Amino acid sequence: MPDNRKVAIFWDYENCSPPLRLQAFTIVNGIQRIAHVFGSVTTFKTYLDMSAQSSKNAVAFRSELQSSGVSMIDCPHNGRKDVVDKMILVDMLAFAIDHHSPATVILIAGDRDYAYAMSTLRFRQYNVILIAPSSPNIPQSLKSQASLVIDW
Numbered sequence: 025m026p027d028n029r030k031v032a033i034f035w036d037y038e039n040c041s042p043p044l045r046l047q048a049f050t051i052v053n054g055i056q057r058i059a060h061v062f063g064s065v066t067t068f069k070t071y072l073d074m075s076a077q078s079s080k081n082a083v084a085f086r087s088e089l090q091s092s093g094v095s096m097i098d099c100p101h102n103g104r105k106d107v108v109d110k111m112i113l114v115d116m117l118a119f120a121i122d123h124h125s126p127a128t129v130i131l132i133a134g135d136r137d138y139a140y141a142m143s144t145l146r147f148r149q150y151n152v153i154l155i156a157p158s159s160p161n162i163p164q165s166l167k168s169q170a171s172l173v174i175d176w
């Protein structure tokens with residue numbers, strides 16, 4: 025019987041950017057290994073203001089992400105705050121509308137703004153995995169809403 029469990033990955037790149045010395049291929053493969061435990065990946069998006077990531081290393085890293093199958097979502101701030109957060113929240117909602125539970129949402133972030141959305145998805149029996157940096161600054165209100173927390 026085929027595995028019909030769907031997984032979506034939403035990455036707040038601005039909040040959880042990896043060191044550019046690492047290869048994007050390696051990072052994406054690691055995230056995919058985690059995701060495949062929960063089902064097949066239907067969505068893998070990373071969100072950032074591309075104009076703020078213009079160094080030669082940043083451009084090369086983004087190119088590796090893109091060639092690894094990660095969709096790059098440009099979030100120009102244009103003087104506004106929380107652009108990335110709002111776009112991720114809407115995309116998480118769209119995924120939930122399109123894919124009934126059981127399904128898994130993997131959020132790579134460290135921002136408390138996602139806590140309510142994570143809680144709402146869990147109440148509706150979605151599996152919500154949080155990948156966050158190991159830092160005492162990651163809010164407990166965020167970590168407590170995840171089904172599982174994985175150290176970035």
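Using the working numbering, the first residue of the sequence shown is number 25, and each one after it goes up by one.
Ideal placement from N, C-alpha and C gives every residue a C-beta, glycine not left out.
In this text, all values refer to a predicted model and were calculated from it rather than measured experimentally.
Residues near residue i by beta carbon distance below 6 Å, same chain, minus five either side
{"i": "Val107", "result": "Cys99 and His101"}
{"i": "Thr144", "result": "none"}
{"i": "Glu38", "result": "Leu72 and Val108"}
{"i": "Ser158", "result": "Asp175"}
{"i": "His123", "result": "Lys30"}
Rounded C-alpha distance that separates residue i from residue j
{"i": "Val94", "j": "Phe68", "result": "5 Å"}
{"i": "Phe49", "j": "Ala84", "result": "11 Å"}
{"i": "Val114", "j": "Asn161", "result": "25 Å"}
{"i": "Lys105", "j": "Leu117", "result": "20 Å"}
{"i": "Asp137", "j": "Ile130", "result": "15 Å"}
{"i": "Met25", "j": "Ile112", "result": "Residue placement at Met25 is poorly supported in this model, since its pLDDT is 38, which falls under 50; the coordinates still yield a value, given next. Going from the Cα of Met25 to the Cα of Ile112 covers about 32 Å."}
{"i": "Ala139", "j": "Phe147", "result": "12 Å"}
{"i": "Phe34", "j": "Lys110", "result": "12 Å"}
{"i": "Ser171", "j": "Pro42", "result": "23 Å"}
{"i": "Pro126", "j": "Ile55", "result": "20 Å"}
{"i": "Arg86", "j": "Met74", "result": "9 Å"}
Residue i, enclosing alpha helix (DSSP H) - first and last residue
{"i": "Asp115", "result": "Val107 to Asp122"}
{"i": "Val94", "result": "No alpha helix (DSSP H) contains Val94, which DSSP labels as neither H nor E."}
{"i": "Leu145", "result": "Ala139 to Phe147"}
{"i": "Ser64", "result": "Not the alpha helix (DSSP H): Ser64 falls in the beta strand (DSSP E), residues Ser64 to Leu72."}
{"i": "Leu166", "result": "Gln164 to Lys167"}
Candidates the options, of which the one nearest residue i by Cα
{"i": "Gln169", "options": "Pro126, Pro160, Ile121 and Ile155", "result": "Ile155"}
{"i": "Asp175", "options": "Ile58, Ser165, Arg136 and Thr66", "result": "Ile58"}
{"i": "Ile51", "options": "Tyr140, Val65, Val31 and Glu88", "result": "Glu88"}
{"i": "Phe119", "options": "Met142, Gln164 and Asp135", "result": "Met142"}
{"i": "Lys30", "options": "Phe62, Ile132, Pro163 and Phe147", "result": "Phe62"}
{"i": "His60", "options": "Thr128, His123 and Gln149", "result": "Thr128"}
{"i": "Gly134", "options": "Cys40, Ile33, Phe34 and Ala32", "result": "Cys40"}
{"i": "Asn81", "options": "Ser92, Leu46 and Asn53", "result": "Leu46"}
{"i": "Val65", "options": "Asn53, Ala76, Met74 and Ser75", "result": "Asn53"}
Extent of the continuous beta strand (DSSP E) to which residue i belongs
{"i": "Asn53", "result": "Segment Ala48 to His60 is the alpha helix (DSSP H) holding Asn53; no beta strand (DSSP E) there."}
Cβ-based neighbour list, residue i, same chain, cut-off 8 Å, excluding 5 preceding and 5 following
{"i": "Gln90", "result": "Met96"}
{"i": "Lys167", "result": "Leu154, Ala156 and Val173"}
{"i": "Ser165", "result": "Arg136 and Ala139"}
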